[in-house]
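Numbering (this note's numbering), first residue to last: 355 to 542.
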């Protein structure tokens, strides 16, 4: 569900029950570029859904692309991020006995594309030339290493199947050269 051109919501569902809602937003920076951040979380409401939440690992995927080819119109992976959504359970008396939905970044790396970058798409991706030279705030790894690490995390996370959520995941799958089971994919 897209709210406007700079934010969107991602829902996680299992067995017909809403598990979590993640609202992503692109916030304008001083230079006009847009920075991505999670700005709001709404937790699931029914206690009966607790078993469904415990049965899967809910992971959000987002990839940033840079441009290759003559015109820079071939999308190539420039950054890959995975965020785990989990429920922190409280006993009665602590925090009113409710549960809190929490998020943890489990993977966030710049990726050196296999082809020459013609357009860094910095205004949308936030990626700079220095980031892909390994001079940024995150590690920069070869594409094949990223693909292997992400495939491993999506195959199973701590012994649980992965319910993958994201926006326009088709594009992310394409640049990662990966697939994920349709039944375990929630795309907005």
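Where a beta carbon is used, it is the ideal one built from N, C-alpha and C, also for glycine.
Applying the criterion that 16 or more other CB atoms from any shown protein chain within 10 Å of the CB defines a buried residue, is residue i buried or exposed?
{"i": "residue 424", "result": "exposed"}
{"i": "residue 535", "result": "exposed"}
{"i": "residue 483", "result": "exposed"}
{"i": "residue 486", "result": "buried"}
{"i": "residue 401", "result": "Only weak support is given to the placement of residue 401: the predicted model assigns it a pLDDT of 40, under 50, and the question is left unresolved by the model."}
{"i": "residue 468", "result": "exposed"}
{"i": "residue 466", "result": "buried"}
{"i": "residue 502", "result": "exposed"}
{"i": "residue 520", "result": "buried"}
Between residue i and the rest of its own chain, which residues show a CB-CB distance below 8 Å, the 5 nearest in sequence each way excluded?
{"i": "residue 538", "result": "410, 515, 516, 517 and 518"}
{"i": "residue 461", "result": "434, 435, 436, 503, 504 and 507"}
Below 7 Å, is the gap between the Cβ of residue i and the nearest heavy atom of the ligand ADP?
{"i": "residue 463", "result": "Ligands in the displayed structure: none, and consequently the ligand ADP is not present."}
Spatial neighbours of residue i within its chain, please: C-beta separation below 6 Å, excluding the five flanking residues on both sides.
{"i": "residue 440", "result": "456"}
{"i": "residue 330", "result": "The chain is shown only over 355 to 542; residue 330 falls outside these bounds and no answer can be derived."}
{"i": "residue 397", "result": "Its pLDDT being 41, under 50, residue 397 is placed unreliably by the model, and nothing is read from it."}
What's the C-alpha gap between residue i and residue j?
{"i": "residue 543", "j": "residue 473", "result": "Outside the displayed span of the chain (355 to 542) sits residue 543, for which this structure offers no information."}
{"i": "residue 426", "j": "residue 513", "result": "40 Å"}
{"i": "residue 428", "j": "residue 453", "result": "44 Å"}
{"i": "residue 495", "j": "residue 480", "result": "17 Å"}
{"i": "residue 500", "j": "residue 442", "result": "29 Å"}
{"i": "residue 463", "j": "residue 508", "result": "16 Å"}
{"i": "residue 531", "j": "residue 493", "result": "21 Å"}
{"i": "residue 476", "j": "residue 488", "result": "16 Å"}
{"i": "residue 408", "j": "residue 528", "result": "29 Å"}
Give me the Cβ distance between residue i and residue j, rounded to the nearest whole Å; I'm assuming they're in contact under 8 Å.
{"i": "residue 438", "j": "residue 419", "result": "Incorrect: roughly 23 Å between the Cβ atoms, too far for contact."}
{"i": "residue 498", "j": "residue 523", "result": "Rounded, the Cβ-Cβ distance is 21 Å, inconsistent with contact."}
Residue i: which of the options sits nearest, CA to CA?
{"i": "residue 415", "options": "443, 408 and 458", "result": "458"}
{"i": "residue 417", "options": "533, 541, 540 and 525", "result": "525"}
{"i": "residue 471", "options": "477, 493 and 422", "result": "422"}
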